[in-house]
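So the structure is just underneath, and the comments pick up after that.
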Amino acid sequence: MEADLHRLQPVAGKASLYVCRESAAFVGAGNRTIAFVDNKNIGTLKPGNFAHTVVEPGSHDIHIDRSPGGKSGTLTIDTKANDVPIVWVGVTGHGWGVLTVDEFEDRAEAERCVQGAKYALPTE
4 MEADLHRLQP VAGKASLYVC RESAAFVGAG NRTIAFVDNK NIGTLKPGNF
54 AHTVVEPGSH DIHIDRSPGG KSGTLTIDTK ANDVPIVWVG VTGHGWGVLT
104 VDEFEDRAEA ERCVQGAKYA LPTE
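Right, dumping it as C-alpha coordinates:
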(Lines of atoms letter the chains of each structure in order from A and count residues from 1; the text may use other names and numbers.)
(Lines give C-alpha, C1' and ligand atoms only; values in the text may rest on other atoms or scores of the structure.)
Protein backbone atom coordinates (compact mmCIF):
# COMPACT_ATOMS: atom_id res chain seq x y z
CA MET A 1 0.00 0.00 0.00
CA GLU A 2 2.84 2.41 0.83
CA ALA A 3 4.40 1.94 -2.60
CA ASP A 4 1.06 2.76 -4.24
CA LEU A 5 0.67 5.90 -2.12
CA HIS A 6 4.19 7.07 -3.08
CA ARG A 7 2.97 7.27 -6.70
CA LEU A 8 0.64 10.16 -5.75
CA GLN A 9 -2.09 8.95 -8.09
CA PRO A 10 -5.49 10.68 -8.21
CA VAL A 11 -8.62 8.87 -7.08
CA ALA A 12 -11.44 9.15 -9.62
CA GLY A 13 -14.03 11.68 -8.51
CA LYS A 14 -12.36 12.27 -5.11
CA ALA A 15 -9.38 14.14 -3.67
CA SER A 16 -6.41 12.06 -2.54
CA LEU A 17 -5.13 14.16 0.38
CA TYR A 18 -1.65 13.77 1.87
CA VAL A 19 -0.30 15.30 5.07
CA CYS A 20 3.49 15.08 5.25
CA ARG A 21 5.83 15.76 8.14
CA GLU A 22 9.38 16.45 7.09
CA SER A 23 12.33 15.29 9.10
CA ALA A 24 13.00 17.52 12.11
CA ALA A 25 16.07 18.34 14.11
CA PHE A 26 16.53 18.85 17.81
CA VAL A 27 13.40 20.04 19.64
CA GLY A 28 10.74 18.88 17.19
CA ALA A 29 12.24 15.49 16.38
CA GLY A 30 10.89 13.63 19.40
CA ASN A 31 7.30 14.77 19.18
CA ARG A 32 4.46 12.77 17.70
CA THR A 33 1.99 14.75 15.65
CA ILE A 34 -1.58 13.58 15.07
CA ALA A 35 -3.04 14.80 11.78
CA PHE A 36 -6.76 15.57 11.57
CA VAL A 37 -8.83 16.19 8.45
CA ASP A 38 -12.34 17.43 9.18
CA ASN A 39 -11.75 16.40 12.82
CA LYS A 40 -10.98 12.79 11.79
CA ASN A 41 -7.65 11.38 12.99
CA ILE A 42 -5.85 10.17 9.85
CA GLY A 43 -2.51 9.21 11.39
CA THR A 44 0.17 9.80 13.96
CA LEU A 45 3.23 11.30 12.32
CA LYS A 46 6.81 11.20 13.44
CA PRO A 47 9.37 13.19 11.46
CA GLY A 48 9.72 11.62 8.02
CA ASN A 49 6.14 10.24 7.94
CA PHE A 50 3.05 11.00 5.89
CA ALA A 51 -0.66 10.28 6.36
CA HIS A 52 -3.25 9.90 3.62
CA THR A 53 -7.00 10.05 3.26
CA VAL A 54 -9.50 10.20 0.43
CA VAL A 55 -12.08 12.99 0.68
CA GLU A 56 -14.99 14.33 -1.32
CA PRO A 57 -14.31 17.42 -3.43
CA GLY A 58 -14.93 20.62 -1.47
CA SER A 59 -13.64 22.45 1.59
CA HIS A 60 -11.65 20.56 4.24
CA ASP A 61 -10.16 21.65 7.55
CA ILE A 62 -6.75 20.29 8.55
CA HIS A 63 -5.11 20.67 11.94
CA ILE A 64 -2.59 18.81 14.05
CA ASP A 65 -2.12 17.99 17.71
CA ARG A 66 1.36 17.50 19.06
CA SER A 67 2.23 15.68 22.25
CA PRO A 68 3.67 17.49 24.05
CA GLY A 69 2.92 20.85 22.48
CA GLY A 70 -0.78 21.37 21.90
CA LYS A 71 -2.79 22.13 18.79
CA SER A 72 -1.94 24.00 15.62
CA GLY A 73 -4.18 26.43 13.87
CA THR A 74 -6.51 25.14 11.18
CA LEU A 75 -5.72 25.22 7.47
CA THR A 76 -8.75 25.11 5.19
CA ILE A 77 -8.17 23.86 1.66
CA ASP A 78 -10.55 23.53 -1.27
CA THR A 79 -10.22 20.36 -3.31
CA LYS A 80 -11.57 19.29 -6.66
CA ALA A 81 -12.27 15.84 -8.07
CA ASN A 82 -9.04 14.05 -9.03
CA ASP A 83 -6.86 16.49 -6.99
CA VAL A 84 -3.82 15.23 -5.09
CA PRO A 85 -3.14 17.97 -2.52
CA ILE A 86 -0.15 17.65 -0.18
CA VAL A 87 -0.04 19.62 3.07
CA TRP A 88 3.02 20.26 5.25
CA VAL A 89 2.89 19.79 9.02
CA GLY A 90 5.49 20.18 11.70
CA VAL A 91 7.36 22.71 13.75
CA THR A 92 8.75 25.77 12.00
CA GLY A 93 12.34 26.88 12.45
CA HIS A 94 13.68 23.33 11.94
CA GLY A 95 12.04 22.18 15.15
CA TRP A 96 12.52 25.31 17.23
CA GLY A 97 9.44 27.30 16.18
CA VAL A 98 5.67 26.90 16.31
CA LEU A 99 3.42 23.96 15.50
CA THR A 100 2.15 24.55 11.98
CA VAL A 101 0.01 23.14 9.21
CA ASP A 102 0.61 24.86 5.89
CA GLU A 103 0.98 24.46 2.15
CA PHE A 104 4.35 23.60 0.63
CA GLU A 105 6.16 26.37 -1.23
CA ASP A 106 6.16 24.33 -4.44
CA ARG A 107 4.76 21.07 -5.76
CA ALA A 108 8.15 19.42 -6.28
CA GLU A 109 9.04 19.97 -2.61
CA ALA A 110 5.69 18.49 -1.55
CA GLU A 111 6.18 15.40 -3.70
CA ARG A 112 9.73 14.89 -2.39
CA CYS A 113 8.38 14.96 1.16
CA VAL A 114 5.87 12.17 0.51
CA GLN A 115 8.16 10.09 -1.67
CA GLY A 116 10.94 10.25 0.92
CA ALA A 117 8.68 9.54 3.89
CA LYS A 118 7.12 6.42 5.42
CA TYR A 119 3.39 5.90 5.55
CA ALA A 120 1.81 6.33 8.97
CA LEU A 121 -1.15 4.01 9.27
CA PRO A 122 -4.47 5.60 10.20
CA THR A 123 -5.19 5.55 13.91
CA GLU A 124 -8.43 5.38 15.85
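Position in the sequence shown (first residue = 1) + 3 = the working numbering.
Yeah, the Cβ is synthetic: ideal placement off N, Cα and C, and Gly gets one too.
Checklist entry - In this structure, does DSSP put D81 in helix, strand or coil? => result In the three-state DSSP reduction, D81 falls in the strand class (E or B).
Next on the checklist: According to DSSP, C116 sits in a beta bridge with which residue or residues?
Outcome noted: Partner(s): none; C116 has no beta bridge.
Next on the checklist: Among the candidates H9, T77, L11 and G73, whose CA atom is the shortest distance from the CA of D105?
Outcome noted: Looking at the Cα atoms, T77 is the closest of the given residues.
Checklist entry - Span of the alpha helix (DSSP H) holding E106? => result Careful: E106 lies outside any alpha helix (DSSP H), inside the beta strand (DSSP E) at L102 to E106.
Checklist entry - DSSP three-state call for G73: helix, strand or coil? => result In this structure, G73 counts as strand in the three-state DSSP scheme.
Next on the checklist: On a Cα-Cα basis, can you pick out the residue from G73, G96, D64 and K83 that is closest to V22?
Outcome noted: It is D64 whose Cα lies nearest to the Cα of V22.
Next on the checklist: In this structure, how does DSSP classify G51 when only helix, strand and coil are distinguished?
Outcome noted: In the three-state DSSP reduction, G51 falls in the coil class, being neither helix nor strand.
Item to check | C-alpha distance - V57 paired with S75, whole-angstrom precision | outcome: Straight across, the Cα-Cα distance linking V57 with S75 is about 22 Å.
Checklist entry - Quick one, which of A18, R35, T95 and V87 has its alpha-carbon nearest D68's? => result That would be R35, whose Cα lies nearest to the Cα of D68.
Item to check | Buried/exposed call for G46, threshold 16 Cβ in 10 Å | outcome: Counting the other CB atoms within 10 Å of its CB gives G46 a total of 16 or more, which places it among the buried residues.
Checklist entry - Going by DSSP, which residues form a beta bridge with S19? => result V57, per the DSSP bridge assignment.
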